[in-house]
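Down below is the structure, laid out as structure tokens.
In the working numbering, the protein residues as written are 610 to 1007.
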């Protein structure tokens, strides 16, 4: 269906011309028209020319866009209208030298096509507008046990043999496909924008779908597509490692009963925090870090408990504040210091047996600290005597 219309911007502004046109006014305007035509009230104080007969044949030149597909050689009005539909372009109607267009074999001045009886508006431009595309529709994509419902909308595309579609309802997933009607083929572009993801779980789902597209193990509306061209998919050797990392973030999030807000790209320190939390809370193991330390203060149970050259192992329970992205948590830690010996002793408060110990690494070793985080103080207290577990903890590095 082809619509012929003028510039309605003025006529359809809210709170402006809103009254109906009296029949007497329309009859008066009809007198200016050739036989076989009359005006029809189309609302908002506007009337448009209409044919008394059933037919409405318009003959006029059409201004084509300056850029056209190289293979597009229109020979009929149907070709022109198909191009207008596919590209969703308005096409300007060019009047003849008398400022007229031909309707049903009669010349009609362009200023007589649309009338605004209550305002001084002159129309001297007409356009053909194509029918809009059909409403968006739902399409499912499925891969790696992840299924997403996407809202797909056809997009303007200036090609007489191809149709472009893309999703419009998901900022973190970008799916578009180009159907070549002549070659009976389809090219799919799939990309993800995990910076737009609103949850850690959404990040994981995006990455898993991306991996499925890489492996061409994807279903669209339940149909597995193996012979597709992935136009925008690049192989990512680290995709599985990336998925593994975010899955660890997710289980830590659940363990802390939190709702992490994804911050992407992930900071190095945030990734390190997840390593420590995953080791402690999920694997239920302490982690080991080498540290630079040359002195500590202690309170001895009795005088003479400490001597130069003595090797010490110190454990304690501490409260800590852990930060991931912009989320902060208070945890309880068992902390152990190992791998050092006393090189000198300084008295801080003799009456309270408080000393400052100068320390150095044991020969062929490094001073290290082992830590295990707990959510509740009672859990930490239950494990304070697991000294061997702390002492033999595996190293964790940033």
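Each residue gets a CB set at the ideal place from its N, CA and C atoms; glycine is no exception.
| query | result |
| --- | --- |
| Reduced DSSP secondary structure (H/G/I, E/B, other) of residue 1004 | strand |
| Alpha-carbon spacing of residue 740 relative to residue 690, whole angstroms | 10 Å |
| 7 Å Cβ shell around residue 623 - same chain, five flanking residues per side excluded | Annotation note: pLDDT 35 at residue 623 (below 50); position unreliable, no value reported. |
| Three-state secondary structure (DSSP) of residue 775 | strand |
| Whether residue 926 touches residue 993 by CB criterion (8 Å) | yes |
| Residue span of the beta strand (DSSP E) that contains residue 988, given as start and end | From DSSP, residue 988 is part of no beta strand (DSSP E) but of the alpha helix (DSSP H) over 986-991. |
| DSSP state of residue 909 mapped onto helix, strand, coil | coil |
| Spatial distance of residue 580 from residue 853 (CA atoms) | With the chain covering only 610 through 1007, there is no way to say anything about residue 580. |
| Rounded distance between the beta-carbons of residue 968 and residue 979, thought under 8 Å | The Cβ separation is near 16 Å, so there is no contact. |
| Under the three-state DSSP convention, the category residue 681 falls into | coil |
| Residue 661 versus residue 692: straight-line alpha-carbon distance, rounded | 30 Å |
| Identity of the residues DSSP links to residue 921 by a beta bridge | 949 |
| DSSP-derived helix/strand/coil call for residue 929 | strand |
| Validate contact between the stretch 808-825 and the stretch 789-796 using beta carbons, cut 8 Å, 3 pairs | no |
| Contact set for residue 919: own chain, Cβ-Cβ below 7 Å, skip 5 residues either direction | 950, 951 |
| Beta-carbon gap between residue 753 and residue 781 smaller than 8 Å | no |
| Alpha-carbon to alpha-carbon, residue 700 and residue 785 | 27 Å |
| Residue 763 - partner residues in DSSP beta bridges | 774 |
| Status (buried if at least 16 other CB within 10 Å, exposed otherwise) for residue 672 | exposed |
| Where residue 666 falls: helix, strand or coil (DSSP) | coil |
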